[in-house]
Structures are given as structure tokens and as C-alpha cells.
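Everything below concerns the one structure shown next.
Numbering (our numbering), first residue to last: 563 to 810.
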């Protein structure tokens with residue numbers, strides 16, 4: 563079993579943080595903030611027409627969270643990996659003393675941290691603040707969702723030859739993970755499918771909190787999210803090795 567060296571992980575994370583702050587990635591968190599604020603304004607007008615302002619702000623938060631987790635967690639992680647492949651720096655790392663797990667952890671740390679932090683920033687932006695025991699559930703689900711999204715981003719990045727193809731590959735996945743939960747209230751079959759997506763579970767939890775339901779998170783939903791995280795890691799490991807990135 564390979565030993566993980568924190569100094570190597572942090573060195574990779576530092577490089578990835580610098581890349582994340584570039585114009586191609588940093589616009590995604592800003593887009594999520596702007597999108598949430600826009601949804602708050604639009605749904606605020608609906609609240610004036612008779613709907614509950616609190617529920618509308620909660621819906622704006624849920625939409626913003628899904629947008630953030632998709633665009634920041636999945637897209638940015640995939641783009642950063644594709645950028646390294648395009649610049650031919652990935653092979654250099656893989657033939658150095660850095661092992662696959664160190665590279666994996668170092669890659670997702672900056673994007674994961676940024677996604678998690680933004681999940682909390684989106685609350686005041688949306689106008690819906692979660693507190694008490696619901697904040698604990700919010701933290702668990704958003705952190706786990708952010709982790710899953712980053713792993714999916716790494717998985718998709720393996721198949722991208724360059725930054726352009728990264729966008730092409732991630733777009734269908736993003737559309738499914740974001741659009742299915744967003745339209746689940748209007749189409750019954752999408753409502754059923756959405757319950758098996760971590761993004762759908764997240765949106766449902768926010769709306770259940772806003773509706774002040776006694777149970778806002780089912781045990782089955784947590785199991786689904788854990789299974790999705792494990793499957794994503796497993797697929798990444800398999801694809802990582804099949805593509806020849808893992809050193810012997």
C-alpha cells in the first residue's frame with residue numbers, strides 16, 4: 563500500500579489553487595452567486611403575488627446550490643485535469659514520486675473547499691438562512707454532494723483530451739444532474755428519477771426544511787449519496803489505471 567505524503571498533496575493543491583483562480587474557472591463560482599441572486603429577485607416577484615417569500619427564497623437557494631455544485635464542483639475539476647493533460651504536465655507528475663492517490667486528493671482539495679464555502683455563502687445571497695439542527699443536515703448533504711461532484715469531475719476529466727473537449731463531455735452530465743431536479747416539480751417521472759440524484763436529494767431537503775416538515779432527510783437518501791460517492795471513486799480508479807496514469 564502506498565504511503566500518502568501531505569507535503570506532496572499540498573504542493574499539488576497549491577498549483578491547482580492557482581489554476582482555479584484563472585479566468586476559465588473563477589467565473590463559475592461568480593456565475594453561481596449571480597444565478598442565485600437572479601433567482602431570488604425573480605422568485606421575489608412571485609412572492610409578491612401571493613406565494614411565501616420564505617419558500618421562494620429557499621427555492622432560489624436550492625437552485626443556486628445545484629448550479630454551484632455542478633458548475634464549480636464538476637466542471638472546474640474536469641477542466642483543471644484536462645488543462646494538465648493538454649499542457650503535458652500530467653505525465654510528468656505520474657512519472658515522478660507523486661502517486662495516484664496523492665494527485666487525486668491534491669486535485670480536488672481546492673475546488674472542493676471553494677464549493678463547500680460557496681454553499682454557505684449562497685444562504686445570505688438567496689435570503690434564506692438555515693440554522694439549528696437543520697444546519698447540521700445542510701452541512702452533511704452539501705459537503706457530501708460537493709465531494710461527489712468533484713469526483714465526477716475528475717472522472718470526466720480523464721476522458722477529456724483538452725479543455726474544449728472537457729466542456730463537451732461535462733455538458734450532458736451537468737444538464738442531467740441540474741435539469742432533472744429543477745423540473746421535477748413539473749414532470750412526475752422526473753420527480754421519481756430526481757430522488758436518485760444527489761442534486762435532487764439536496765433540492766428536496768432544502769424545500770422540506772422550508773416547509774418545516776418533521777423529517778427533511780430520509781436514511782435511504784443518505785445511503786444513495788454514499789453509494790454514488792463510492793461508485794464515482796471506483797469508476798475513477800478503474801479509468802485512471804486503464805488510461806495508464808498509475809505508475810507500477
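By construction, the Cβ of each residue, glycine as well, lies at the ideal position given by its N, Cα and C atoms. For clarity, every value in this text was computed on a predicted model and none was experimentally measured.
- prompt: Of all the options 735, 713, 587, 567, which has the alpha carbon lying nearest to the alpha carbon of residue 645?
  reply: Residue 587 is the option with its Cα nearest to residue 645.
Residue 695 to residue 682 span [Cα, whole Å]: Counting only the Cα atoms, residue 682 lies some 15 Å from residue 695.
query: Three-state secondary structure (DSSP) at residue 749?
result: It is coil, neither helix nor strand.
- prompt: Is residue 580 helix, strand or coil when you go by DSSP?
  reply: If DSSP states are grouped into helix, strand and coil, residue 580 belongs with the helices.
task: Report buried or exposed for residue 774, applying the criterion of at least 16 other Cβ atoms within 10 angstroms of its Cβ.
output: By the Cβ-count criterion, residue 774 is exposed, with fewer than 16 other Cβ atoms from all chains shown falling within 10 Å of its own Cβ.
query: Between residue 635 and residue 702, what straight-line distance do the alpha-carbon atoms span, to the nearest angstrom?
result: Per the coordinates, the alpha-carbon of residue 635 lies some 16 Å from the alpha-carbon of residue 702.
message: For residue 663, would you say it is in contact with chain C, using Cβ-to-Cβ distances shorter than 8 Å as the test?
response: Protein chain content of the structure displayed is limited to a single chain, and chain C is not contained in it.
field: Delimiting residues of the alpha helix (DSSP H) encompassing residue 643
entry: Per DSSP, residue 643 is one residue of the alpha helix (DSSP H) stretching across 639–648.
message: To test your reading of the DSSP string, which unbroken beta strand (DSSP E) runs of 3 or more residues are found completely within the stretch 735–806?
response: Every candidate beta strand (DSSP E) stretch fails here, since none sits fully inside the stretch 735–806 while reaching 3 residues.
field: As assigned by DSSP and simplified to three states, the class of residue 722
entry: For residue 722, the three-state secondary structure derived from DSSP is coil.
- prompt: Nearest to residue 698 by CA position, among 779, 735, 756, is which residue?
  reply: Nearest of 779, 735, 756 to residue 698, Cα basis: 779.
message: residue 797 and residue 717 - do their beta-carbons sit closer together than 8 Å?
response: Taking 8 Å as the Cβ cut-off, residue 717 and residue 797 qualify as a contacting pair.
- request: Give every residue of the same chain whose Cβ lies closer than 8 Å to the Cβ of residue 762, excluding the five residues on either side of it in the sequence, and list them in chain order.
  value: The residues are 742, 743, 746, 755, 756.
- prompt: Rounded C-beta distance between residue 860 and residue 643? I'm assuming under 8 Å.
  reply: Nothing can be reported for residue 860: it is not among the residues displayed for the chain, which extend from 563 to 810.
- prompt: Per the contact definition of three or more C-beta pairs closer than 8 Å, is the stretch 660–669 in contact with the stretch 590–597?
  reply: The stretch 590–597 makes no contact with the stretch 660–669: fewer than 3 CB pairs, one atom from each, lie closer than 8 Å.
- prompt: Among 767, 686, 648, which has the Cα closest to the Cα of residue 728?
  reply: Ranking 767, 686, 648 by Cα distance to residue 728 puts 648 first.
field: C-alpha distance - residue 764 paired with residue 628, whole-angstrom precision
entry: If I take the Cα positions, the gap works out to 8 Å.
task: Quick one: grab the DSSP three-state call for residue 588.
output: Residue state, collapsed to three classes: helix.
field: Residue range of the alpha helix (DSSP H) that includes residue 621
entry: For residue 621, the enclosing alpha helix (DSSP H) stretches over residues 615–630.
message: By alpha-carbon positions, which one of 802, 687, 715 ends up nearest to residue 606?
response: Ranking 802, 687, 715 by Cα distance to residue 606 puts 687 first.
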